[in-house]
Structure formats: C-alpha cells, structure tokens
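Q:
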Amino acid sequence: MEKARPLWANPLQFVFACISYSVGLGNVWRFPYLCQMYGGGSFLVPYVIMLIVEGMPLLYLELAVGQRMRQGSIGAWRTISPYLGGVGLASVVVSFFLSMYYNIINAWAFWYLFHSFQDPLPWSVCPLNGNRTGYDEECEKASSTQYFWYRKTLNIAPAIQDGGGVQWGQALCLVLAWLVVYLCTLRGTESTGKVVYFTALLPYCVLIIYLVRGLTLHGATNGLAYMFTPKLDQLANPKAWINAATQIFFSLGLGFGSLIAFASYNQPSTNCQKHAIIVSLINSATSIFASVVTFSIYGFKATFNYESCLNKVILLLTNSFDLEDGFLTASNLEQVKGYLASAFPGKYSEVLPQMKNCSLESELATAVQGTGLSFIVYTEAIKNMAASQLWSVLYFFMLLMLGIGSMLGNTAAILTPLTDSKVISSHLPKEAISGEEGTWFPNQPSLCFTPPPMCSILFESDLKAMTGRTLNWYWKVMWAGVSPLLIISLFVFYLSDYILTGTLQYQAWDASQGQLVTKDYPLYTLAIIGLLVASSTMCIPLVALGTFIARRLQGRGAPPVA
Amino acid sequence: MLCLLFFLVTAIHAELCHPDAENAFKVRLSIRSALGDKAYAWDTNEEYLFKAMVAFSMRKVPNRETTEISHVLVCNVTQRVSFWFVVTDPSKNHTLPAVEVQSAIRMSRNRINSAFFLNDQTLEFLKIPSTLAPPTDPSVPIWIIIFGVIFCIVIVAVMLLILSGIRQRRRMSKGPTEVDDTEEKCENTITIENGIPCDPLDTKGGRINDAFLTEDERLTPL
C-alpha cells in the first residue's frame with residue numbers, strides 16, 4: 001500500500017506557511033529602500049500594477065501546479081512535460097544555493113539577539129584604544145554601530161581575495177540556525193505546520209509594537225513626510241518599473257519551488273485561487289506597513305543625527321569665540337554665524353573648514369538597504385531609544401522569525417522533490433557549511449524563473465476539476481500572454497545590463513578610512529559566479545536533451561504495441 | 001609700602017598667569033549644558049573652590065604637600081566660562097612643571113568633577129586627557145550564556161522528536177502481528193470491522209433480506 005502524502009492539518013496552516021515564506025527580510029529591508037529611491041509614494045503605482053499583472057497570476061499558477069500534481073517541483077514539471085523536468089531541477093539547485101547563504105543571515109540575527117542582553121548595548125559605545133585615552137581609531141572614523149558590524153561581527157577582510165580565520169562566534173550561531181531549521185522541518189508538515197503559526201504571526205505583533213513606538217519618536221514625521229511625498233517624475237524612469245517587477249517576483253518567492261512544495265501538501269479541493277489572492281495582498285500590505293515603521297525610525301535617526309550635528313557646530317563656535325554657554329541655540333545659529341563672520345573675519349575663516357554643513361535632507365537621503373539597514377541603521381536608531389535592550393531583543397527576534405519562515409520554504413523546495421523521488425527516512429541530516437563570512441554573494445536576481453509560456457489551455461480543465469469553478473478570463477489573459485512577456489523582458493533586461501556594464505563590482509569595507517569602497521571582482525570569483533549561474537540554468541536544456549535522447553532510444557528499442 | 005607690595009604681587013601674577021603661559025592650562029566649563037535649570041552662576045566664590053580643589057590635588061603629590069590655595073593663580077575668566085590657571089611654588093616666583101600638575105589633576109579628576117556637579121565632558125582641562133572608564137567585561141561573555149541555553153533547548157527538542165519518531169515506528173512494525181490475534185478472537189468476541197459487527201455475519205441459518213420482494217408482492221394487484 002502506498003504511503004499517503006502528508007497533508008496540512010487545516011487550510012490555515014497552508015496559508016500561514018505561504019505567508020511566512022513570502023513575508024521575509026525583503027519586505028523589511030528592500031521595499032523601503034526602493035520606495036525611497038524611486039519616488040516615495042509614487043512607487044506604489046508601478047508596485048501595485050506589477051502585483052496585479054505579474055505577482056498574482058504567477059502565484060496562482062505555482063500553487064495550482066503544486067496542488068494538482070501533488071509532487072515537488074521536479075515531479076510536477078516532469079508531469080507537465082517530460083522535457084521540462086529540468087526546470088524543477090534548476091529550481092532545486094537555486095533553492096539549495098539560496099538556503100546556504102540565507103541561513104547566515106539568521107546566524108547574524110541570532111548573534112545580535114544574544115548580544116542584546118547587555119547594558120550598554122555593545123554597538124552603542126566604541127571600545128577604548130591601547131592607552132585608554134581615547135576610542136579605537138577605526139571606530140572613531142566610522143561609527144560604533146558600523147564598527148560592531150564590520151569588525152566585531154563579521155571581522156571583515158579588506159578584499160575578497162584576503163582570507164580571514166574562522167569566526168567562531170559566527171560559526172556557532174550558524175550551527176544553531178541550522179539546528180533550528182532542522183527542528184522545524186524534522187517531521188515534515190506535522191512540525192512545519194505548527195511552527196508557521198509563530199513565524200507568520202509574531203513578526204506582525206512586533207511590527208505593530210514598533211509602529212506605535214516609531215510614530216511616537218521625536219522626528220518620525222520627518223521620515224514619513226519624506227517617504228510618502230510622491231515624486232511623480234520617477235514614474236517615467238524605467239528602472240522604477242523594472243525594480244517594482246523584480247521586487248514583486250522575489251518578494252513572493254516565485255520560481256524557487258517552495259510554493260509548489262507547500263501546495264503539494266494540500267487537499268486537492270482547496271481553493272488555491274482565493275489563497276493566492278490573499279497571500280499576495282498580505283505580502284504587499286506587509287511591505288507597505290514595514291516601510292511605514294522603517295521610515296518613522298529613519299526620521300528619528302535622521303533628526304537625531306541632524307541635531308547632534310548642530311550641537312557640534314554650536315559647541316565649536318562657543319569654544320572658539322568664548323561665547324556664553326547656552327547662548328547659541330539652533331534657532332539663532334544662522335544669525336550669530338553671520339554676526340561672527342562680519343565681526344571676527346580672520347578667526348571665523350579659521351574655524352569655517354571644521355564646521356560641517358548640517359542638513360536634515362542629506363541625513364534622510366542616505367538610502368540604505370539590506371544588511372546595512374537592519375544591522376547598522378536600525379541598531380543606531382535603537383541605541384538612542386529608551387529601554388534599548390527591549391527594543392533590540394524585539395527587533396532581532398522579529399528578523400529571526402521572518403528569516404526562519406523563509407528558510408522553511410527554501411528547505412521545503414529542496415526536500416519535497418527529494419522525498420518524492422526516493423524513499424528516505426524522515427531524518428534528513430542537513431550539514432551547514434560554516435566558516436568565513438559570505439557577504440560577497442553577488443546581489444543578482446536568480447536567473448531561474450518559471451519561463452515557458454503557460455499551457456493555459458491544457459491546465460484549465462484540470463483547474464476546473466480541482467476547484468470546481470471555471471477560470472476567470474483575467475487569469476487566462478495573464479497566463480497566456482502578459483506574465484510570460486514580462487518575465488522574458490525582465491530576463492533580457494538584466495542580461496543586457498550585465499553585458500553592458502562590464503565587470504561586476506562589490507562593496508568592501510576600508511578599515512583605514514572607516515567607510516565602504518567599491519572594488520572589482522577578481523577573475524576567479526567571476527568564474528565562480530559564472531559556475532553558480534550555469535549550474536542552475538544548464539539543468540533545463542540538459543535534462544530536456546537527456547529526455548529526448550532517452551525517448552529516441554526507447555522508441556527504437558521497443559516495437560510498437562498494437 | 002602696602003600699595004607697592006600689592007602692585008608687585010599683581011605684576012608677578014600677570015607675568016606667571018596669562019593665556020599660553022608656560023605651564024599654564026586652560027579650563028572650560030559648560031555649566032548650563034550640564035545642569036540646565038539648576039545651573040549656578042560662576043563667581044569669585046566658585047573660583048575660590050576651584051583653586052582649593054587644584055591645591056588639594058597638588059597636595060596629594062609627594063613633595064608638594066605644602067601647596068596652598070594662594071599658590072594657584074587664575075586669570076582671563078571669560079563668559080564661556082573659561083580661564084587659565086597656573087600653580088606656583090612656595091616662593092611664588094616660578095610655576096610648577098606642567099607634567100606634575102597634569103598627573104595631579106588626572107589622579108583627582110573625579111573629586112574635582114563632583115565638587116562642581118560636572119563630568120569630564122563639561123569640565124574640560126585642555127591638554128589634560130582624561131582616563132576613560134573601560135567598559136565592564138564580565139568573565140564569561142553574556143552572549144555565550146544565552147547561546148548555551150538556547151542551544152541546549154534546541155538539542156533536547158530535536159532528540160525528543162527523533163526518539164518519539166523511532167518509538168512510533170517501532171509500534172507500527174509491531175502492529176501487523178497484533179491484528180492477526182484479533183482475527184482469531186473474532187468468533188468469540190464481537191469485533192467491529194468497518195462499523196459492522198462481525199457477529200451477524202456468522203449467523204447460521206441465514207437471514208431474510210427485506211430488500212428483495214417476495215413472490216406474492218412482485219405483481220401489483222389489478
């Protein structure tokens with residue numbers, strides 16, 4: 001008797017699993033950046049359009065494929081057409097690479113979480129130098145949060161060629177991260193189904209708490225005003241549209257096989273159309289919600305820095321001209337500067353080079369994304385809040401929930417096809433490769449999509465049998481034409497962009513200057529990048545070719561049966 | 001005579017204590033920034049206290065136990081509040097070397113600060129670097145303790161799940177042998193299979209199935 005396929009205990013578990021997979025770190029640290037770069041409130045226009053045109057159709061398709069085929073990505077694509085088995089294999093390979101580096105982010109979140117239980121927070125003060133008369137030089141040039149990230153956490157090497165030693169703290173955290181993922185996926189849907197209640201809901205609790213805290217911070221309105229003021233001219237910028245499309249694609253996690261895997265554990269009669277719409281709407285709403293929180297924190301940080309800058313200028317002028325302490329304030333600063341310039345021109349011109357031009361705009365305009373946002377900008381804002389340990393613990397716990405939720409999807413994408421194809425025990429050891437830090441992983445969009453034109457005609461009857469309702473004309477139009485066109489044009493755009501710009505570059509940390517510098521990738525790393533890309537994309541043609549050859553041989557071997 | 005002496009003293013004073021004099025230090029206070037509403041005004045009494053604190057610090061240095069308040073000279077007080085000071089030797093002709101004064105002030109820095117309710121940033125001695133307090137370093141870093149706790153919990157949870165999985169599978173493999181025993185007992189006890197008790201199926205003599213019409217009722221009456 002064939003072993004029954006494990007199922008989700010109820011449809012809610014499935015929805016939560018999809019939400020906890022889709023709502024990940026990208027919603028928190030990429031969307032606010034894009035919003036800021038491409039015109040604030042007006043970025044929502046391309047974003048929503050792409051959601052309707054690309055996000056929902058492709059999500060529905062993936063869920064439907066998984067639910068209908070009731071297999072992981074390899075089996076599902078092979079069932080659609082034997083020549084397309086390579087697509088499934090390619091998505092497993094990509095998910096494998098993704099899991100490798102994604103869990104390192106979870107390790108960092110653990111590291112920061114464990115370090116949040118100290119008073120004062122370790123990233124709020126610079127360590128002292130040798131003779132205890134001042135602070136460490138690298139820390140002075142940069143800031144204490146940057147120092148903690150680049151030196152204490154990563155212990156970053158000056159360039160990709162320079163090897164460092166093993167960072168034992170990071171290695172331990174990485175082992176723990178993998179153990180946690182193992183614990184959650186140990187029993188398949190039984191354990192994952194329970195974990196996703198937490199990984200889906202807890203981040204929202206923390207976001208709401210942060211929303212209330214963020215909006216009550218001094219200067220939060222500056223950030224919100226800056227973000228939501230629409231700059232309509234950005235609508236004409238093609239990059240805005242391209243980034244909106246890419247963001248929708250990666251935010252929902254399409255094409256990696258995780259959604260197929262999750263849907264394959266569904267009851268065949270589940271209404272995946274409704275679920276697809278719910279998940280995509282929740283995902284986008286979370287992005288917008290997270291950017292409100294992020295921008296109120298941004299506004300607070302920018303205002304804080306602006307006021308510190310002003311205070312430094314005030315102190316400088318007070319000391320140089322021996323003015324009465326407390327006489328100079330932010331309001332009369334410009335006036336007094338003018339007076340001093342006219343009354344003591346010589347001395348003023350001496351002091352002038354040291355005076356920084358403080359501008360709230362320039363503080364707000366420092367757009368950051370990715371690890372820089374979470375581990376540098378946010379920590380800087382948190383250290384200035386009252387009860388900073390509590391906020392820090394909450395924040396990194398939320399990051400962990402988001403990260404683990406996405407990891408569950410990634411591992412499901414790998415494990416589901418594997419468990420489908422062979423009979424393995426439920427104990428699947430997953431070893432982590434820990435060692436030197438991998439911040440060098442290039443930020444390229446994965447070139448493994450769901451490429452082929454959707455066989456909507458073939459699929460329609462299956463869907464009708466499954467969900468019991470006919471396919472809306474909207475889905476048909478999207479699947480047959482618009483979505484594949486969009487995906488292909490994105491693919492072409494990125495390919496041409498890489499070809500045109502020549503060498504790829506990365507950001508390295510320069511300890512002597514205390515800031516990031518751009519460097520070119522050396523040749524051997526370019527080869528590795530090429531290998532990574534090739535190993536996934538080559539699966540598709542190779543498997544197709546292999547199937548073709550196998551069929552031809554089979555056809556010649558066996559005589560046709562009457 | 002007294003007037004002459006007075007002029008002489010002030011002349012020497014001016015000679016020894018002036019901005020950028022040899023062995024002189026500039027002091028800067030930011031009272032309003034530190035204390036806000038509770039700020040006190042800087043007057044000659046506060047100056048006297050300052051001189052007393054400097055004399056006190058000097059007296060702690062070996063060979064300088066006889067330093068008096070009158071040996072400390074203060075000049076050029078500005079609105080900021082900032083001023084210069086020097087410490088003279090008992091003869092009041094030379095100033096004490098800067099190095100001595102510096103080390104004396106560094107040692108008693110905390111006492112001087114607390115006398116004025118200020119700290120190292122608001123009571124600055126230019127050219128005298130303050131010793132920064134090192135951050136407290138516990139013997140075992142706190143993060144390792146928390147890491148250890150979480151790690152142990154996760155390991156225990158994994159072990160529990162694995163063990164219960166093994167136990168479940170062992171129970172399943174014992175399962176088929178138990179089913180055979182029950183089939184033998186079916187004749188003696190009433191066992192339920194698919195919701196139908198076994199018993200009626202063994203009844204001898206048969207049963208009339210009422211779903212089938214009898215011969216008489218097959219044809220409807222005219």
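Protein sequences appear in the order of chains X and C. Under the UniProt record's numbering, the residues of the first sequence are numbered 1 to 562, in order. Under the UniProt record's numbering, the residues of the second sequence are numbered 1 to 222, in order. Backbone N, C-alpha and C define an ideal beta-carbon position, used for all residues, glycine too.
For a minimum of 4 consecutive residues, which ranges assigned as the alpha helix (DSSP H) are wholly contained in the segment 46-118 of chain X?
A: 56-69, 73-80, 85-115
Q: Run through chain X and tell me which residues come within less than 9 Å of Arg167 of chain C, C-beta to C-beta.
A: By 1-based counting over the second sequence, the position of residue 167 of chain C is 167. In chain order: nothing, as chain X lies at least about 13 Å away.
Q: Identify which residue in C:Lys60, C:Phe117, C:Glu68, C:Leu126 has its Cα closest to the Cα of Phe83 of chain C.
A: Here residue 83 of chain C corresponds to residue number 83 of the second sequence, with the count starting at 1. Among C:Lys60, C:Phe117, C:Glu68, C:Leu126, the Cα nearest to that of Phe83 of chain C is on C:Leu126.
Q: Could you tell me which uninterrupted alpha helix (DSSP H) segments, each at least 4 residues in length, are contained entirely in the segment 323-411 of chain X, listed from first to last along the chain?
A: 333-343, 345-351, 360-365, 378-383
Q: If you check the beta carbons only, do Thr286 of chain X and Leu207 of chain X fall under 9 Å apart?
A: The residue labelled residue 286 of chain X in the question sits at position 286 within the first sequence. The residue labelled residue 207 of chain X in the question sits at position 207 within the first sequence. Yes, these two residues count as a Cβ contact at 9 Å.
Q: Using a Cβ cut-off of 7 Å, pull out every chain X residue sitting near Ala157 of chain C, in sequence order please.
A: The count along the second sequence starts at 1 and reaches residue 157 of chain C at position 157. For Ala157 of chain C, the residues of chain X that pass the 7 Å Cβ criterion are Leu183, in the order they occur in the chain.
Q: Between the segment 145-157 of chain X and the segment 78-94 of chain X, do three or more beta carbon pairs fall short of 8 Å?
A: no
Q: Tell me which same chain residues have a C-beta within less than 7 Å of the C-beta of Leu113 of chain X, skipping the five on either side of it?
A: Indexing the first sequence from 1 puts residue 113 of chain X at position 113. Answer for Leu113 of chain X: Val393, Phe396, Phe397, Leu400, listed in chain order.
Q: For the 8 Å Cβ check, are there 3 or more pairs between the segment 96-108 of chain X and the segment 404-414 of chain X?
A: Two segments are said to touch when three or more pairs of C-beta atoms, one from each, lie closer than 8 Å; by this definition the segment 96-108 of chain X touches the segment 404-414 of chain X.
Q: So what does DSSP say about Tyr135 of chain X, is it helix, strand or coil?
A: What you label residue 135 of chain X is simply residue 135 of the first sequence in a count that begins at 1. In the structure shown, the three-state DSSP call for Tyr135 of chain X is strand.
Q: Can you name the start and end residues of the alpha helix (DSSP H) that residue 223 of chain C belongs to?
A: With chain C running from 1 to 222 in the structure shown, residue 223 of chain C is simply not present.
Q: Check the C-beta distance from Val154 of chain C over to Leu176 of chain X and give it rounded, since I have them as a contact under 8 Å.
A: For the purposes of this step, residue 154 of chain C is taken as the residue at position 154 of the second sequence. For the purposes of this step, residue 176 of chain X is taken as the residue at position 176 of the first sequence. 7 Å between Cβ atoms; contact.
Q: By the DSSP assignment, the alpha helix (DSSP H) with Tyr521 of chain X in it spans what residues?
A: The residue you call residue 521 of chain X lines up with position 521 of the first sequence. Run containing Tyr521 of chain X: none; DSSP gives neither H nor E here.
Q: With 9 Å as the threshold, decide whether the Cβ of Thr131 of chain C is near any Cβ in chain X.
A: Start at 1 with the first residue of the second sequence, and residue 131 of chain C comes out as number 131. By this cut-off, Thr131 of chain C is an interface position.
Q: Are the beta-carbon atoms of Ile487 of chain X and Leu89 of chain X separated by less than 9 Å?
A: Translated into the one-based positions of the first sequence, residue 487 of chain X becomes position 487. Translated into the one-based positions of the first sequence, residue 89 of chain X becomes position 89. No, the Cβ-Cβ distance between Ile487 of chain X and Leu89 of chain X is not below 9 Å.
Q: Closer than 8 Å by beta-carbon distance: list the chain X residues that pair up with Thr88 of chain C, in chain order.
A: Here residue 88 of chain C refers to the residue found at position 88 of the second sequence. Listed along chain X, no residue sits closer than 8 Å to Thr88 of chain C by beta-carbon distance, the nearest being about 25 Å off.
Q: What's the gap between the Cα of Met355 of chain X and the Cα of Leu316 of chain X?
A: Translated into positions along the first sequence, residue 355 of chain X becomes position 355. Translated into positions along the first sequence, residue 316 of chain X becomes position 316. Their backbone Cα atoms lie some 8 Å apart in a straight line.
Q: So that I know if they touch, is there some Cβ in chain C lying closer than 9 Å to that of Thr318 of chain X?
A: Translated into the one-based positions of the first sequence, residue 318 of chain X becomes position 318. Chain C, which has a Cβ nearer than 9 Å to the Cβ of Thr318 of chain X, makes this yes.
Q: Taking Ser296 of chain X as the reference, which of X:Leu154, X:Thr246, X:His218, X:Gly255 has the closest Cα?
A: For the purposes of this step, residue 296 of chain X is taken as residue 296 along the first sequence, with counting starting at 1. Measuring from the Cα of Ser296 of chain X, the nearest candidate turns out to be X:His218.
Q: What do you reckon, are the CB atoms on Ser130 of chain C and Arg106 of chain C nearer than 9 Å?
A: Your numbering for residue 130 of chain C matches position 130 in the second sequence. Your numbering for residue 106 of chain C matches position 106 in the second sequence. Yes; because the gap between Cβ atoms is below 9 Å, this pair is in contact.
Q: Step through the CB atoms of chain C and report whether any lies within less than 9 Å of the CB of Thr329 of chain X.
A: Sequence index remark: in the first sequence, residue 329 of chain X carries index 329 (1-based). Chain C contact via Cβ: absent.
Q: Buried or exposed: where does Ala240 of chain X fall if 16 or more other Cβ atoms within 10 Å of its Cβ makes it buried?
A: Locating residue 240 of chain X in the first sequence gives position 240, counting from the first residue. A residue is called buried when at least 16 other Cβ atoms come within 10 angstroms of its Cβ; Ala240 of chain X meets this threshold and is buried.
Q: With a threshold of 16 other CB atoms inside 10 Å of the CB of Thr189 of chain X, please say whether the residue is buried or exposed.
A: The residue you call residue 189 of chain X lines up with position 189 of the first sequence. Classification of Thr189 of chain X: buried, given that the 10 Å Cβ count is 16 or more.
Q: Locate the beta strand (DSSP E) running through Trp509 of chain X, then write down its first and last residues.
A: Locating residue 509 of chain X in the first sequence gives position 509, counting from the first residue. Start and end: 505-510.
Q: Mind listing, in chain order, the continuous alpha helix (DSSP H) runs of no fewer than 4 residues lying wholly within the segment 181-258 of chain X?
A: 189-215, 220-228, 238-252
Q: When you compare each of X:Val196, X:Trp168, X:Gly169 to Pro181 of chain X by their alpha carbons, which one comes out closest?
A: Counting from 1 along the first sequence, the entry for residue 181 of chain X is found at position 181. The residue you asked about is not Pro; residue 181 of chain X is Val in the sequence shown. Comparing Cα-Cα distances from Val181 of chain X to each of X:Val196, X:Trp168, X:Gly169, the minimum goes to X:Val196.
Q: Are the beta-carbon atoms of Leu333 of chain X and Gln79 of chain C separated by less than 9 Å?
A: Here residue 333 of chain X refers to the residue found at position 333 of the first sequence. Here residue 79 of chain C refers to the residue found at position 79 of the second sequence. Not a contact, by the Cβ cut-off of 9 Å.
Q: How is Val279 of chain X classed by DSSP in three states: helix, strand or coil?
A: Taking the first residue of the first sequence as position 1, residue 279 of chain X is located at position 279. It is helical.
Q: Residues in its own chain within less than 6 Å of Tyr38 of chain X by CB, not counting five upstream and five downstream?
A: Here residue 38 of chain X refers to the residue found at position 38 when the first sequence is read from its first residue. These residues qualify, in order along the chain: Gln234, Ala240.
Q: Between Ile104 of chain X and Leu174 of chain X, which are expected to be in contact by the criterion C-beta below 8 Å, what is the C-beta distance as a whole number of angstroms?
A: Locating residue 104 of chain X in the first sequence gives position 104, where the first residue counts as 1. Locating residue 174 of chain X in the first sequence gives position 174, where the first residue counts as 1. The C-beta distance from Ile104 of chain X to Leu174 of chain X rounds to 6 Å, short enough to meet the 8 Å contact threshold.
Q: With 9 Å as the threshold, decide whether the Cβ of Thr78 of chain C is near any Cβ in chain X.
A: As a position in the second sequence, residue 78 of chain C is number 78, starting the count at 1. With 9 Å as the cut-off, Thr78 of chain C counts as an interface residue toward chain X.
Q: To the nearest angstrom, how far is it from the Cα of Ile145 of chain C to the Cα of Ser139 of chain C?
A: Position 145 of the second sequence, counted from the start, is the residue given in the question as residue 145 of chain C. Position 139 of the second sequence, counted from the start, is the residue given in the question as residue 139 of chain C. Each residue's Cα considered, the two are about 11 Å apart.
Q: May I have the straight-line CA-CA distance separating Glu307 of chain X from Pro32 of chain X, to the nearest angstrom?
A: By 1-based counting over the first sequence, the position of residue 307 of chain X is 307. By 1-based counting over the first sequence, the position of residue 32 of chain X is 32. Going by the C-alpha atoms only, they are around 24 Å apart.
Q: Just to check my reading of the structure: Ala290 of chain X and Ser20 of chain X have Cβ atoms closer than 8 Å, yes? What is that Cβ distance to the nearest angstrom?
A: Against the first sequence, residue 290 of chain X aligns to sequence position 290. Against the first sequence, residue 20 of chain X aligns to sequence position 20. Beta-carbon to beta-carbon, Ala290 of chain X and Ser20 of chain X are separated by about 15 Å, too far to satisfy the 8 Å threshold.
Q: Pull the bridge partners of Phe83 of chain C from the DSSP assignment, please.
A: Working through the second sequence from its first residue, we reach residue 83 of chain C at position 83. According to DSSP, Phe83 of chain C bridges with C:Val27.
Q: If Glu138 of chain X sits next to Gly514 of chain X, beta carbons under 8 Å apart, how far is it from one beta carbon to the other, in whole angstroms?
A: For the purposes of this step, residue 138 of chain X is identified with residue 138 of the first sequence, where counting begins at 1. For the purposes of this step, residue 514 of chain X is identified with residue 514 of the first sequence, where counting begins at 1. About 6 Å; that satisfies the 8 Å criterion.
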